[in-house]
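Chemist: Can you read through this structure? Questions will come right after.
Pasting the structure below:
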């Protein structure tokens, strides 16, 4: 299995601004999933993008995938205080998901 | 998204006792279920992978006799922490994979275990 590496490790922005997080991985994948974790809670599944997709939207979320660069990005538009959380990417080859340290996003009211 | 429940959400027990944690996929059948643990301010660490009706596969360094996993059906997996000690105190999170063609993986809300 492989884990994604999120960048930056921490990000603080003003409410209403957009937040962009990046993910890099090492080997080929079938899909890549993004998750959010609030402190002391489980992971919430945000979005899955398949290896043959380049971009996907879900509400205020926009995910891109560049398999040639082995990278993905998660954009949250018009951020809200409730978006404060840790965000993890999970590249999926064909076995198990493992996780990096995530991006800690703080939205300043 | 699909729903995975976990019970209990919080448990406090005495050292030496065993604790069972249940994980259920509520609205889909899970081909595979996973158990993770998370220490404060750290990422999730995969403990084991289980498929219905077969033995769990444990990650390196995870004691299979201490962390018993039973995957009784396509919607239920249990983790039993046997003879718990304070160092087993952690946040345990289960996960269920939906399988082809989606292969999405959903997580439970977690169980906070405190061993006194």
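Protein chains in written order, with the numbering used here: chain A, 1 to 109; chain B, 1 to 116. For each residue, glycine too, the CB sits at the ideal point set by N, CA and C.
#1: I'd like the list of long-range same chain contacts for residue 85 of chain A, defined as Cβ closer than 7 Å, with 5 residues on each side in sequence excluded.
#2: Quick one: which residues of the segment 34 to 64 of chain A get their C-beta closer than 8 Å to a C-beta of chain B? List them in chain order.
#3: CB residue 100 of chain A to CB residue 43 of chain B, shorter than 8 Å?
#4: So, is the C-beta of residue 20 of chain A closer than 8 Å to a C-beta in chain B?
#5: Kindly say whether residue 104 of chain B, judged by its beta-carbon, lies nearer than 8 Å to any beta-carbon of chain A.
#6: Are the Cβ atoms of residue 72 of chain B and residue 59 of chain B separated by less than 8 Å?
#7: Thinking just about the alpha-carbon of each residue, which of A/77, A/87, A/19 and A/50 is nearest to the one in residue 6 of chain A?
#8: Can we count residue 71 of chain B as close to the ligand SAH, meaning its CB is less than 7 Å from some heavy atom?
#9: List the residues of chain B whose Cβ lies closer than 8 Å to the Cβ of residue 96 of chain A, in chain order.
#10: Please name the residue, chosen from B/26, B/16, B/11 and B/7, that lies closest to residue 97 of chain B on a Cα-to-Cα basis.
#11: Alpha carbon to alpha carbon, how far is residue 21 of chain B from residue 18 of chain A? Give it in angstroms, no decimals.
#12: Helix or strand or just coil, what does DSSP make of residue 19 of chain A?
#13: Give the single residue among A/46, A/92 and A/23 whose Cα lies nearest to the Cα of residue 71 of chain A.
#14: Using the three-state DSSP reduction, which class does residue 86 of chain B fall into: helix, strand or coil?
#15: Could you tell me which chain B residues have their CB closer than 9 Å to the CB of residue 67 of chain A, listed as they occur along the chain?
#16: From the beta carbon of residue 102 of chain A, is the nearest beta carbon of chain B less than 8 Å away?
#17: Taking the straight line between their C-alpha atoms, what separation do you get for residue 116 of chain B and residue 24 of chain B?
Modeler: Checking against the coordinates, here is how it stands:
#1: To locate residue 85 of chain A, count along the first chain from 1; it is residue 85. A distance below 7 Å between beta-carbons, with the five flanking residues on each side excluded, links residue 85 of chain A to the following residues of its chain, in chain order: 36, 37, 38 and 105.
#2: Contacts with chain B (Cβ-Cβ distance below 8 Å) from the segment 34 to 64 of chain A involve 35, 40, 41, 42, 43, 44, 45 and 48, listed in chain order.
#3: Within the first chain, the letter at position 100 stands for residue 100 of chain A. Within the second chain, the letter at position 43 stands for residue 43 of chain B. Cβ distance < 8 Å, so residue 100 of chain A and residue 43 of chain B count as in contact.
#4: By 1-based counting over the first chain, the position of residue 20 of chain A is 20. Judged by the 8 Å Cβ criterion, residue 20 of chain A is not in contact with chain B.
#5: Translated into positions along the second chain, residue 104 of chain B becomes position 104. True, the Cβ-Cβ gap to chain A drops below 8 Å.
#6: Against the second chain, residue 72 of chain B aligns to sequence position 72. Against the second chain, residue 59 of chain B aligns to sequence position 59. Result no, Cβ atoms of residue 72 of chain B and residue 59 of chain B do not sit closer than 8 Å.
#7: By one-based count along the first chain, residue 6 of chain A stands at place 6. The shortest C-alpha separation from residue 6 of chain A is found at A/87.
#8: Absent from the structure shown: the ligand SAH. Ligands present: none.
#9: Locating residue 96 of chain A in the first chain gives position 96, where the first residue counts as 1. Those are 34, 46 and 49, listed as they occur along chain B.
#10: Along the second chain, one-based indexing puts residue 97 of chain B at 97. Closest by alpha carbon: B/26.
#11: Taking the first chain and counting its residues from 1, one reaches residue 18 of chain A at position 18. Taking the second chain and counting its residues from 1, one reaches residue 21 of chain B at position 21. Within the model, the alpha-carbon separation for residue 18 of chain A versus residue 21 of chain B is close to 39 Å.
#12: The sequence position of residue 19 of chain A within the first chain is 19, counting from 1. Secondary structure at residue 19 of chain A: strand, using DSSP grouped into helix, strand and coil.
#13: As a first step, residue 71 of chain A is located in the first chain; it is residue number 71 there, counting from the start. In terms of Cα proximity to residue 71 of chain A, the closest of A/46, A/92 and A/23 is A/23.
#14: As a position in the second chain, residue 86 of chain B is number 86, starting the count at 1. It is helical.
#15: Counting from one through the first chain, the residue named residue 67 of chain A turns up at place 67. Neighbours of residue 67 of chain A in chain B, taken as residues at a C-beta separation under 9 Å, are lacking, since the least C-beta distance is about 16 Å.
#16: For the purposes of this step, residue 102 of chain A is identified with residue 102 of the first chain, where counting begins at 1. Yes, its Cβ sits closer than 8 Å to a Cβ of chain B.
#17: Position 116 of the second chain, counted from the start, is the residue given in the question as residue 116 of chain B. Position 24 of the second chain, counted from the start, is the residue given in the question as residue 24 of chain B. Cα to Cα, residue 116 of chain B sits roughly 27 Å from residue 24 of chain B.
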